[in-house]
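Down below is the structure, laid out as C-alpha cells.
2 protein chains.
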Amino acid sequence: MHTENFSSRLLENAVNEFSKLPGIGRKTALRLVLHMLRQDKESARQFGESIIRLREEVVRCRVCFNISDTEVCSICSNNSRDGSVICVVENIRDVMSVENTHQFNGKYHVLGGIISPVDGIAPSQLEIDSLIRRVEEGTVREIILALPTTMEGDTTNFYIYRKLKPFQVAVTTLARGISVGDDLEYTDEITLGRSILHRVDFESSLGTS
Amino acid sequence: MHTENFSSRLLENAVNEFSKLPGIGRKTALRLVLHMLRQDKESARQFGESIIRLREEVVRCRVCFNISDTEVCSICSNNSRDGSVICVVENIRDVMSVENTHQFNGKYHVLGGIISPVDGIAPSQLEIDSLIRRVEEGTVREIILALPTTMEGDTTNFYIYRKLKPFQVAVTTLARGISVGDDLEYTDEITLGRSILHRVDFESSLGTS
Chain A
1 MHTENFSSRL LENAVNEFSK LPGIGRKTAL RLVLHMLRQD KESARQFGES
51 IIRLREEVVR CRVCFNISDT EVCSICSNNS RDGSVICVVE NIRDVMSVEN
101 THQFNGKYHV LGGIISPVDG IAPSQLEIDS LIRRVEEGTV REIILALPTT
151 MEGDTTNFYI YRKLKPFQVA VTTLARGISV GDDLEYTDEI TLGRSILHRV
201 DFESSLGTS
Chain B
1 MHTENFSSRL LENAVNEFSK LPGIGRKTAL RLVLHMLRQD KESARQFGES
51 IIRLREEVVR CRVCFNISDT EVCSICSNNS RDGSVICVVE NIRDVMSVEN
101 THQFNGKYHV LGGIISPVDG IAPSQLEIDS LIRRVEEGTV REIILALPTT
151 MEGDTTNFYI YRKLKPFQVA VTTLARGISV GDDLEYTDEI TLGRSILHRV
201 DFESSLGTS
C-alpha cells in the first residue's frame with residue numbers, strides 16, 4: 001500500500017497518523033504534515049495537544065448526554081433556556097445544527113444513535129431510559145423529536161412516542177417540507193406531498209423566514 | 001466566520017486547530033474531530049504526539065539538508081548508495097518523488113527552494129554553497145539537476161552550472177519528454193519538441209519502462 005520512502009521515521013509516523021483520518025489519503029496526509037513542519041514548534045504543540053486534551057478531558061453531560069467540558073453541559077446549566085421543552089436528537093452534531101438556527105431556546109437530549117435492527121442497535125443501547133426519567137420529573141411539557149426521516153428514525157420516534165404515552169407531555173416532530181429557496185420542480189414527491197398535507201396558515205407563515 | 005455553537009471549549013479548540021490546516025474547512029475539521037472523539041484515548045494520544053514529536057525532534061541532515069531523525073540522514077549514511085552522484089532538488093518532497101521511482105541509487109542535495117527574484121529568494125538563502133563544498137571534496141563525479149522546468153528552475157540550474165564550471169564534474173539534467181502512456185495528440189508542443197530533439201536510441205530505450 002505505501003511504497004513511499006521516508007528518510008524520517010518521525011515524518012512517516014505523522015503521515016501514517018494523518019492518513020487514518022476519514023477522507024484523508026496518503027498524499028493529502030503528507031501535504032498536511034509538511035505544512036505542520038513549516039509551522040513553529042508552539043503551533044505544532046498546540047495542534048497536537050488540542051486533540052489529546054479533547055479526547056482525555058471531554059465528557060458527556062450527565063443530563064442530556066451532549067458533549068461537554070463539565071459534568072453538566074453549558075446548555076443544561078443555562079437557566080435562561082426553557083427546560084420544559086426538550087429536543088431529542090441522534091447525535092452531538094445535530095445539537096450543533098439546531099443551535100446554529102438560533103430558533104430554539106429549549107434543552108436537548110442526545111440519544112447517541114437510533115434504533116437499527118440491521119446495525120444491531122437496540123433501544124437499551126440508546127439514552128432513551130434517561131429521557132423518560134427526565135420526563136418523569138414532571139417539569140417537561142414538550143418533547144420535540146428531531147430524528148432523521150429514515151425507517152430507523154421513524155422506528156425510534158414511534159418507540160419513544162409509546163414510552164411517553166403515560167405522561168402529560170406533548171410530543172411534536174420537525175416540520176418536513178420544501179427547503180426555503182427550493183423550486184417545486186426539483187422537490188421530491190414525498191416531501192412535496194407532506195408539505196401539502198401539513199400546509200400552514202399563510203399569515204402565520206409570514207413570521208418565519 | 002464561525003457561528004457554530006459548541007457546548008465544549010475543548011471541541012471548539014480542536015476544530016479551530018484542524019481548520020488551520022490547508023484545504024481543511026470548518027465542516028471538514030468538525031468531521032475529523034468527531035472522528036477522533038470516537039477513537040480510544042491511546043489512538044488520540046498517538047495522533048497528537050506524532051505531530052508534536054515530529055516538529056520538535058526532526059532535523060535537517062547536515063550533509064544534504066533532507067529531513068532526518070539524525071544529524072546525518074539515512075540516505076547520506078547509507079554506504080551502499082553511490083556518493084559520487086548527487087541529485088539536486090528543490091525540496092524534501094522531490095526527494096520522496098525520486099526515491100519512489102526506485103531508479104536512483106545516488107545521494108541528494110536539497111536546496112530548500114529555487115532562485116526567485118519575484119519572491120525575493122536569493123542564491124545565498126539556498127543550500128548552494130554547501131553543494132559546492134560537497135563537490136570541492138573531490139569525490140563527486142556527477143550532479144543531476146532535478147529542478148522544476150520553470151523560469152526560476154532554469155535560473156537556478158544555470159547559476160549552479162556556472163558555480164560548478166571550475167570543477168571536474170559532469171552536470172546533467174532530467175530528460176523531458178512525453179509521459180509514459182501519453183498520446184502525442186495531447187502532449188504540448190514544447191514537450192513534444194524536446195522529446196524529438198533529445199530522441200534516444202531505440203535499443204537503449206527498451207530497458208526502461
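Here the protein sequences line up with chains A and B, keeping their order.
Start counting the first sequence at 1; every next residue gets the next number (the numbering used here).
Start counting the second sequence at 1; every next residue gets the next number (the numbering used here).
All C-beta atoms, glycine included, are put in the ideal place defined by N, C-alpha and C.
Legend entry - Proximity below 8 Å, CB of Met36(B) to CB of Ala44(B): Here residue 36(B) refers to the residue found at position 36 when the second sequence is read from its first residue. Here residue 44(B) refers to the residue found at position 44 when the second sequence is read from its first residue. The answer is yes: Cβ separation under 8 Å.
Inset, instruction - Please go through the same chain and pick out, in chain order, the residues whose beta-carbon is closer than 6 Å to the beta-carbon of Leu131(B), but skip the five residues on each side of it. - result: As a first step, residue 131(B) is located in the second sequence; it is residue number 131 there, counting from the start. So the qualifying residues of the chain are His109.
Inset, instruction - For the region 57-85 of chain A, enumerate the residues whose C-beta is nearer than 8 Å to any C-beta of chain B, in chain order. - result: Cβ contacts with chain B come from Glu57, Val58, Cys61, Asn66, Ile67, Ser68, Asp69, Cys73, Ser74 and Ile75.
Legend entry - Outcome for Met96(B) when other beta-carbon atoms lying within 10 angstroms are tallied against a minimum of 16: Counted from its first residue, the second sequence places residue 96(B) at position 96. With 16 or more other Cβ atoms within 10 Å, it is buried.
Legend entry - Proximity below 8 Å, CB of Ser74(B) to CB of Thr139(B): Against the second sequence, residue 74(B) aligns to sequence position 74. Against the second sequence, residue 139(B) aligns to sequence position 139. In this structure, Thr139(B) does not lie closer than 8 Å to Ser74(B) by Cβ.
Inset, instruction - With distances taken Cα to Cα, identify the nearest neighbour of Ile128(A) among Glu152(A), Arg141(A) and Lys163(A). - result: Position 128 of the first sequence, counted from the first residue, corresponds to residue 128(A). For Ile128(A), the nearest C-alpha among the options comes from Lys163(A).
Inset, instruction - Kindly list the residues whose CB is nearer than 6 Å to the CB of Gly177(B), restricted to its own chain and excluding five residues on each side of it in sequence; keep chain order. - result: Against the second sequence, residue 177(B) aligns to sequence position 177. In its chain, beyond the 5 residues on either side, Ser195 have a beta carbon closer than 6 Å to the beta carbon of Gly177(B).
Inset, instruction - Verify the CB distance criterion: does Val33(B) have a CB-CB separation below 8 Å to chain D? - result: Note that chain D does not occur in the displayed structure, where the protein chains are A and B.
Legend entry - Supposed contact pair Ile86(A) and Ile160(A) - C-beta distance, whole angstroms, cut 8 Å: As a first step, residue 160(A) is located in the first sequence; it is residue number 160 there, counting from the start. As a first step, residue 86(A) is located in the first sequence; it is residue number 86 there, counting from the start. A Cβ-Cβ distance of about 11 Å is found for the pair Ile160(A) and Ile86(A), leaving them out of contact under the 8 Å criterion.
Inset, instruction - Note down, in chain order, every chain B residue with its Cβ under 9 Å from the Cβ of Ile52(A). - result: What you label residue 52(A) is simply residue 52 of the first sequence in a count that begins at 1. Chain B residues near Ile52(A): Lys41, Ala44, Arg45, Phe47, Gly48, Glu49 and Ile52.
Legend entry - Inter-residue Cα distance where the pair is His2(A) and Val180(B): As a working note, residue 2(A) is residue 2 in the first sequence. As a working note, residue 180(B) is residue 180 in the second sequence. Confidence at His2(A) is low in this model, with a pLDDT of 46, below 50, so its placement is unreliable and the value that follows should be read with caution. For His2(A) and Val180(B), the distance between alpha carbons rounds to 22 Å.
Inset, instruction - Output the distance between the C-alpha atoms of Glu137(A) and Pro148(A), rounded to the nearest integer angstrom. - result: Position 137 of the first sequence, counting from 1, holds the residue named residue 137(A). Position 148 of the first sequence, counting from 1, holds the residue named residue 148(A). The straight-line gap from Cα to Cα measures roughly 27 Å.
Inset, instruction - Compute the Euclidean distance between the alpha carbons of Glu71(A) and Val169(A), then round it to the nearest angstrom. - result: Working through the first sequence from its first residue, we reach residue 71(A) at position 71. Working through the first sequence from its first residue, we reach residue 169(A) at position 169. Val169(A) has its alpha-carbon roughly 27 Å from the corresponding atom of Glu71(A).
Inset, instruction - With distances taken Cα to Cα, identify the nearest neighbour of Thr173(B) among Ile67(B), Leu32(B) and Leu145(B). - result: Position 173 of the second sequence, counting from 1, holds the residue named residue 173(B). Selected option, being the one with the closest Cα: Leu145(B).
Legend entry - Run of the alpha helix (DSSP H) containing Glu152(A), from where it starts to where it stops: Position 152 of the first sequence, counting from 1, holds the residue named residue 152(A). Glu152(A) -> alpha helix (DSSP H) spans Met151 to Leu164.
Legend entry - Residue-chain proximity (Ala14(B), chain A), Cβ-Cβ < 8 Å: As a working note, residue 14(B) is residue 14 in the second sequence. Chain A, which has a Cβ nearer than 8 Å to the Cβ of Ala14(B), makes this yes.
Legend entry - C-beta contact flag for Ser50(A) and Glu17(B) at 8 Å: If you number the first sequence from 1, residue 50(A) lands on position 50. If you number the second sequence from 1, residue 17(B) lands on position 17. Contact: yes.
Inset, instruction - Establish whether the CB of Arg134(B) and some CB of chain A are separated by less than 8 Å. - result: Looking up residue 134(B) in the second sequence gives position 134. Cβ-Cβ to chain A under 8 Å: no for Arg134(B).
Legend entry - Residues near Asn105(B) by beta carbon distance below 7 Å, same chain, minus five either side: Locating residue 105(B) in the second sequence gives position 105, counting from the first residue. Closer than 7 Å at the Cβ level, and outside the excluded window around Asn105(B), lie Arg81 and Asp82.
Inset, instruction - Measure the beta-carbon distance from Glu57(B) to Leu10(A) and round it to whole angstroms, keeping in mind my assumption that it falls under 8 Å. - result: One-based indexing of the second sequence puts residue 57(B) at position 57. One-based indexing of the first sequence puts residue 10(A) at position 10. With a Cβ gap of about 6 Å, Glu57(B) and Leu10(A) count as contacting.
Legend entry - DSSP bridge partner residues for Ile121(A) (one or two, in chain order): As a working mapping, residue 121(A) is identified with position 121 in the first sequence. For Ile121(A), which the question treats as bridged, DSSP gives the partners Ser116(A).
Inset, instruction - Given a cut-off of 8 Å, decide if Lys41(B) and Arg55(A) are closer than it, judged by their beta-carbon atoms. - result: As a working note, residue 55(A) is residue 55 in the first sequence. As a working note, residue 41(B) is residue 41 in the second sequence. Yes, the Cβ-Cβ distance between Arg55(A) and Lys41(B) is below 8 Å.
Inset, instruction - Using a threshold of 8 Å, state whether the C-beta atoms of Gly193(B) and Gly48(A) are closer than that. - result: As a first step, residue 193(B) must be located in the second sequence, where it is residue number 193. As a first step, residue 48(A) must be located in the first sequence, where it is residue number 48. It is not a contact, given that the beta carbons lie outside the stated cut-off.
Legend entry - Sub-8 Å separation of Ile92(A) and Ile67(A) beta-carbons: Numbered from 1 along the first sequence, position 92 holds the residue referred to as residue 92(A). Numbered from 1 along the first sequence, position 67 holds the residue referred to as residue 67(A). Closer than 8 Å, so yes.
Legend entry - Neighbouring residues, chain A, relative to Leu37(B) (Cβ below 9 Å): Within the second sequence, residue 37(B) is the residue found at index 37, counting from 1. Residues of chain A passing the Cβ test: Leu54, Arg55, Val58, Ile67 and Ile92.
Legend entry - Minimum Cβ-Cβ distance from Val89(A) to chain B less than 8 Å: Along the first sequence, one-based indexing puts residue 89(A) at 89. Chain B has no Cβ within less than 8 Å of the Cβ of Val89(A).
Legend entry - Buried versus exposed call for Asp182(A) [16 or more other C-beta atoms within 10 Å across all chains shown]: Counting from one through the first sequence, the residue named residue 182(A) turns up at place 182. Counting Cβ neighbours within 10 Å, Asp182(A) comes out exposed, since fewer than 16 surround it.
Inset, instruction - For Glu90(B), collect the residues of the same chain with a Cβ closer than 7 Å to its Cβ; drop the 5 residues on either side in sequence, then sort them by chain order. - result: Counted from its first residue, the second sequence places residue 90(B) at position 90. Cβ neighbours of Glu90(B) beyond the five flanking positions: Leu111, Gly113, Ile114, Leu147 and Pro148.
Inset, instruction - Please report the residue range of the alpha helix (DSSP H) in which Gly106(A) lies. - result: For the purposes of this step, residue 106(A) is identified with residue 106 of the first sequence, where counting begins at 1. Looking at the DSSP string, Gly106(A) is not in any alpha helix (DSSP H); the run it does join, the beta strand (DSSP E), is Gly106 to Val110.
Legend entry - Partners in chain B for Glu127(A), counting only beta-carbon separations shorter than 7 Å: For the purposes of this step, residue 127(A) is identified with residue 127 of the first sequence, where counting begins at 1. Those within 7 Å of Glu127(A) in chain B number zero; the least Cβ separation is about 16 Å.
Inset, instruction - Please go through the same chain and pick out, in chain order, the residues whose beta-carbon is closer than 8 Å to the beta-carbon of Leu184(B), but skip the five residues on each side of it. - result: One-based indexing of the second sequence puts residue 184(B) at position 184. Around Leu184(B): Ile178 and Leu192.
Inset, instruction - Identify, in the order they occur along the chain, each residue of the same chain with its Cβ nearer than 7 Å to the Cβ of Asn157(B), setting aside the five sequence neighbours on each side. - result: One-based indexing of the second sequence puts residue 157(B) at position 157. Cβ neighbours of Asn157(B) beyond the five flanking positions: Leu145, Leu147 and Thr173.
Inset, instruction - Can you pull the chain B residues whose beta carbon is under 9 Å from the beta carbon of Pro22(A), in chain order? - result: What you label residue 22(A) is simply residue 22 of the first sequence in a count that begins at 1. Those are Arg31, Leu32 and His35, listed as they occur along chain B.
Inset, instruction - Please state if the CB of Glu152(A) and the CB of Ser116(A) are separated by a distance shorter than 8 Å. - result: Here residue 116(A) refers to the residue found at position 116 when the first sequence is read from its first residue. Here residue 152(A) refers to the residue found at position 152 when the first sequence is read from its first residue. Closer than 8 Å, so yes.
Legend entry - Sequence-distant residues of the same chain with beta carbon closer than 6 Å to Lys27(B), five excluded per side: For the purposes of this step, residue 27(B) is identified with residue 27 of the second sequence, where counting begins at 1. Contacts found: none.
Inset, instruction - Run the proximity test for Ile143(A): is its beta-carbon closer than 7 Å to any non-hydrogen atom belonging to the ligand SAH? - result: In the structure shown, the ligand SAH is absent, as is every other ligand, since no ligand is present at all.
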